[in-house]
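Chains A and B are the protein sequences, given in the same order.
Residue 84 in the numbering used here is what sits at position 84 of the first sequence, and the numbering runs on without skipping anything.
To convert, count from 1 in the second sequence and add 1000; that's the numbering used here.
First the structure, in the form of structure tokens, and then the observations on it.
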Amino acid sequence: MAKNLSGDLQVASANRLVDGMVVWLDEAGQWTDRLQHAAVARDPRGAEILLERARAEAFTVVDPFLVAVIEDEEGTIEPLSLREKIRASGLTFEAIAADAVRYA
Amino acid sequence: MPDTHFYRYDDYDRTLVAERVEQFRDQVRRRLAGELTEEQFKPLRLHNGLYLQLHAYMLRIAIPYGTLSSRQLRKLADISRKFDRGYGHFTTRQNLQLNWIRLEDAPDALAALAEVDMHAMQTSGNCIRNVTADHYAGAAIDEIEDPRIWAEIVRQWSTLHPEFTFLPRKFKIAITGSPNDRAAVRVHDIGLRLWRNPQGEVGFEVIVGGGLGRTPMIGKTLREFLPRDELLAYLEATLRVYNRYGRRDNLYKARIKILVHEVGVEKMREEVEAEYAATRDGALRLPVGTIEAIARQFAPPDLPPRPAISGPVEAQRSSDPDFALWLKSNVAPHRVPGYAIVTASLKPAGSPPGDASATQMEGIADIAEAYSQAELRVSHEQNLILPHVAVEDLPRVYRSLAALGFAEANVGKITDIIACPGLDYCALANARSIPVAQRISTHFASLARQHDIGDLKIKISGCINACGHHHVGHIGILGVDRNGVELYQISLGGDVDFGRTALGTILGPAVTADKVVETVDAIVATYLDAREDGERFVDTYRRIGAQPFKEQVYGPL
Chain A
1 MAKNLSGDLQ
11 VASANRLVDG
21 MVVWLDEAGQ
31 WTDRLQHAAV
41 ARDPRGAEIL
51 LERARAEAFT
61 VVDPFLVAVI
71 EDEEGTIEPL
81 SLREKIRASG
91 LTFEAIAADA
101 VRYA
Chain B
1001 MPDTHFYRYD
1011 DYDRTLVAER
1021 VEQFRDQVRR
1031 RLAGELTEEQ
1041 FKPLRLHNGL
1051 YLQLHAYMLR
1061 IAIPYGTLSS
1071 RQLRKLADIS
1081 RKFDRGYGHF
1091 TTRQNLQLNW
1101 IRLEDAPDAL
1111 AALAEVDMHA
1121 MQTSGNCIRN
1131 VTADHYAGAA
1141 IDEIEDPRIW
1151 AEIVRQWSTL
1161 HPEFTFLPRK
1171 FKIAITGSPN
1181 DRAAVRVHDI
1191 GLRLWRNPQG
1201 EVGFEVIVGG
1211 GLGRTPMIGK
1221 TLREFLPRDE
1231 LLAYLEATLR
1241 VYNRYGRRDN
1251 LYKARIKILV
1261 HEVGVEKMRE
1271 EVEAEYAATR
1281 DGALRLPVGT
1291 IEAIARQFAP
1301 PDLPPRPAIS
1311 GPVEAQRSSD
1321 PDFALWLKSN
1331 VAPHRVPGYA
1341 IVTASLKPAG
1351 SPPGDASATQ
1361 MEGIADIAEA
1371 YSQAELRVSH
1381 EQNLILPHVA
1391 VEDLPRVYRS
1401 LAALGFAEAN
1411 VGKITDIIAC
1421 PGLDYCALAN
1431 ARSIPVAQRI
1441 STHFASLARQ
1451 HDIGDLKIKI
1461 SGCINACGHH
1471 HVGHIGILGV
1481 DRNGVELYQI
1491 SLGGDVDFGR
1501 TALGTILGPA
1511 VTADKVVETV
1521 DAIVATYLDA
1531 REDGERFVDT
1541 YRRIGAQPFK
1551 EQVYGPL
């Protein structure tokens, strides 16, 4: 689905079945709506395993896929691509009456 | 329900839509229960207009031929408030998109739509999509015949048509009943233009193989003059030829425009006419009684002639410059003396083009009830139209629209921008459209400046699928992704006016997002320096060519 830029670190993402909201797979194998709780795969083999695990936990989500991220010194992760940044942080403008989060 | 002057569902329509809602309710239940996989469910939800976008499900609601009653618009507002985030996006296909629908709520949203004779069928999938028409239909001074009568006939024929539910690709039909084409008929899979031949008979010019997207094409005339009662049989023959020969091996070559381009319009005509000869006198020849019964439902409202000049209007025109500009750009002549067609601009400076909150939708429904026979239209330029306003009511309508933020005097001007949802919402997009439109519209917000610049259409798409019609913008802007960076390719000289339809030409290398406004500014400055009396932007461009614009944007070459 999404285009990934190349990167060593990956998280697994999907859209929640019931409402389409963006979610990521956490270490416990649960889908979370908080990117910072996502499990991070740190090498290609880890990414393969993470994706397999995401697919195995896909009953409540749609089409899991891997997202390339970067991590700063404090452990904060951020997607590399603009598309995934927008998926993570919401609209980049003020929608009328929307409670979407502005991406800074 | 207030009496409407357009088609009302009969029992057949109501039953069909109600059954479809209940079928979808069961499909959603089975999906949520895990009885259907996403692979099995996806085509079912798409057939009901439910997409999965970046952040949420999006429901695309069909607004047939762009016509709405105030009651329907109130219901759309209600649905957006109850099941979404209290706003909606009017699209270039005269539809409404709700961007935050929950899957579990979608059947209830569809049931609510059905209460006002609406649905979301055929707003996705490789079928005949919602038929679009001139947004001045039924009111335009230049109208030969109301195109919505024929759009409704096509709607009935094409709804759940078993033979055309799995075409090679989606199929879009647009109809105009006026010589001044406001429905962009030359850039649709089939465009239908009603005209009067030298014998005084009214029929259709059938145009085929137009389209935008990855491979933009201007449609070619398949049949110069088609008698009206032969419309469905001829459309069926054309669709049948497309269904038989259209490519299914390559998604990007599957539209009818590619077929017409590859075989040539003469061969296409030969095939269609052969198919047509075998079926023309069959069940699809429209009986006069059927046409008349539908035409009666589009009978114009009773509008007693009124004075064409109103003292208070003229007084305000003299004293209020913004009102004077609004009269100039947002008010069009009506076919009944003493009335006018008013365009409510959904493009206030700095706002997302085509978006309206539930409160704004209700507000404009109020205005339609008070001043426009409880009727509205959605334009493919993403504005709302009040089709039947008495001239003497114009100051009140202006004031009421201003209270909603919809009285910007910018229709046809540089800030009346068409923009697709872009990368902020859309799963297909490569770049953002709406923030670019907002920056341009903020930069050119001065109404006096806009009117000095004159008619200039900017159209922005966030990807090559061209939902924002960038190919036919006087200034077209296409967002592309180059190694993770949003760039914007500028094209000039596109046009959808009939007889002058043209695809824009790329000006030069794409520019970064932060350079788009200054690039547009440079293009406008070049035009203002070079224009001659009465020339629109696109006229000047045609006269002087691209070179002066290139030099201004990129420096001496």
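Positions of the beta carbon are idealized from the N, C-alpha and C atoms, including for glycine.
- The beta carbon of T1343/B lies closer than 6 Å to those of N1330, N1383, I1385, V1411 in the same chain, with the five residues before and after it left out.
- S13/A is outside the set of residues whose beta carbon lies under 8 Å from a beta carbon in chain B.
- Here D1010/B is exposed, its C-beta having fewer than 16 other C-beta atoms within 10 Å.
- The three-state secondary structure of T1159/B, taken from DSSP, is coil.
- Taking a C-beta distance under 8 Å as the contact criterion, S1069/B and A1356/B do not qualify as a contact pair.
- DSSP places M1121/B outside both helix and strand once states are collapsed to three, so it counts as coil.
- Counting along the chain, Y1398/B sits inside the alpha helix (DSSP H) bounded by residues 1394-1404.
- At a cut-off of 3 residues, the continuous stretches assigned as beta strand (DSSP E) that sit fully inside the region 1182-1240 of chain B are 1190-1196, 1202-1208, 1220-1227.
- Cβ contact annotation for W31/A (same chain, cutoff 8 Å, sequence separation greater than five): A14, R16, V23, W24, L25, E57, T60, V61, in chain order.
- When DSSP states are grouped into helix, strand and coil, I1063/B belongs to the coil group.
- Here L1346/B carries a coil assignment [DSSP, helix/strand/coil].
- Of the residues L1503/B, V1517/B, E1551/B, the one whose Cα lies closest to the Cα of R1214/B is L1503/B.
- For F1090/B, the enclosing beta strand (DSSP E) stretches over residues 1087-1090.
- Between the region 1403-1420 of chain B and the region 1101-1114 of chain B, the count of Cβ pairs shorter than 8 Å is below three; the stretches do not touch.
- In the three-state reduction of the DSSP assignment, K1172/B falls in the coil class, being assigned neither a helical nor a strand state.
- Nearest Cα to R1071/B within the set I1490/B, H1470/B, L1376/B, G1499/B: L1376/B.
- With contacts defined by Cβ atoms closer than 8 Å, C1463/B and N1430/B form a contacting pair.
- Per DSSP, V18/A is not a residue of any beta strand (DSSP E), being assigned neither H nor E.
- Chain order gives the chain B residues near F93/A as P1352, D1424, R1432, I1434, P1435, Q1438, where near means a beta carbon separation below 9 Å.
- Residue nearest to F1006/B within the set D1084/B, P1147/B, K1220/B, A1390/B is P1147/B (criterion: CA-CA distance).
- Across the structure, T1004/B and T1067/B are spaced so that their CA atoms are roughly 10 Å apart.
- Considering only H1119/B, L1054/B, T1176/B, M1058/B, the residue with the shortest C-alpha distance to S89/A is L1054/B.
- Listed along the chain, the chain A residues whose CB falls inside 7 Å of the CB of Y1488/B amount to none; the nearest CB is some 14 Å away.
- Residue environment analysis places R1020/B among the buried positions, since at least 16 neighbouring C-beta atoms fall within 10 angstroms of its C-beta.
- Residue burial annotation: Y1252/B is exposed, with fewer than 16 other C-beta atoms found within 10 angstroms of its C-beta.
- Membership of L1110/B in the alpha helix (DSSP H) is indicated by the continuous run 1106-1114.
- Per DSSP, the unbroken beta strand (DSSP E) holding D1355/B starts and ends at 1355-1357.
- In this structure F1024/B is not in contact with G1138/B, their Cβ atoms being roughly 32 Å apart against a cut-off of 8 Å.
- In summary, E1152/B is buried, with 16 or more beta-carbon neighbours lying within 10 Å of its beta-carbon over all protein chains present.
- The region 1160-1179 of chain B and the region 1285-1302 of chain B do not touch, with fewer than three beta-carbon pairs separated by less than 8 Å.
- When beta bridges are read from the DSSP output, Y1057/B appears opposite L1052/B, I1101/B.
- Per the coordinates, the alpha-carbon of I1341/B lies some 6 Å from the alpha-carbon of H1334/B.
- Within the same chain, and ignoring the five residues on either side of V1389/B in sequence, the residues whose Cβ sits closer than 6 Å to its Cβ are A1340, V1342, Y1371, S1372, V1397.
- Each residue's CA atom was taken as its position, placing I1309/B and S1318/B some 14 Å apart.
- Going by C-alpha positions, H1451/B is about 21 Å away from S1379/B.
- Here G1311/B is exposed: its Cβ has fewer than 16 other Cβ atoms, across all protein chains shown, within 10 Å.
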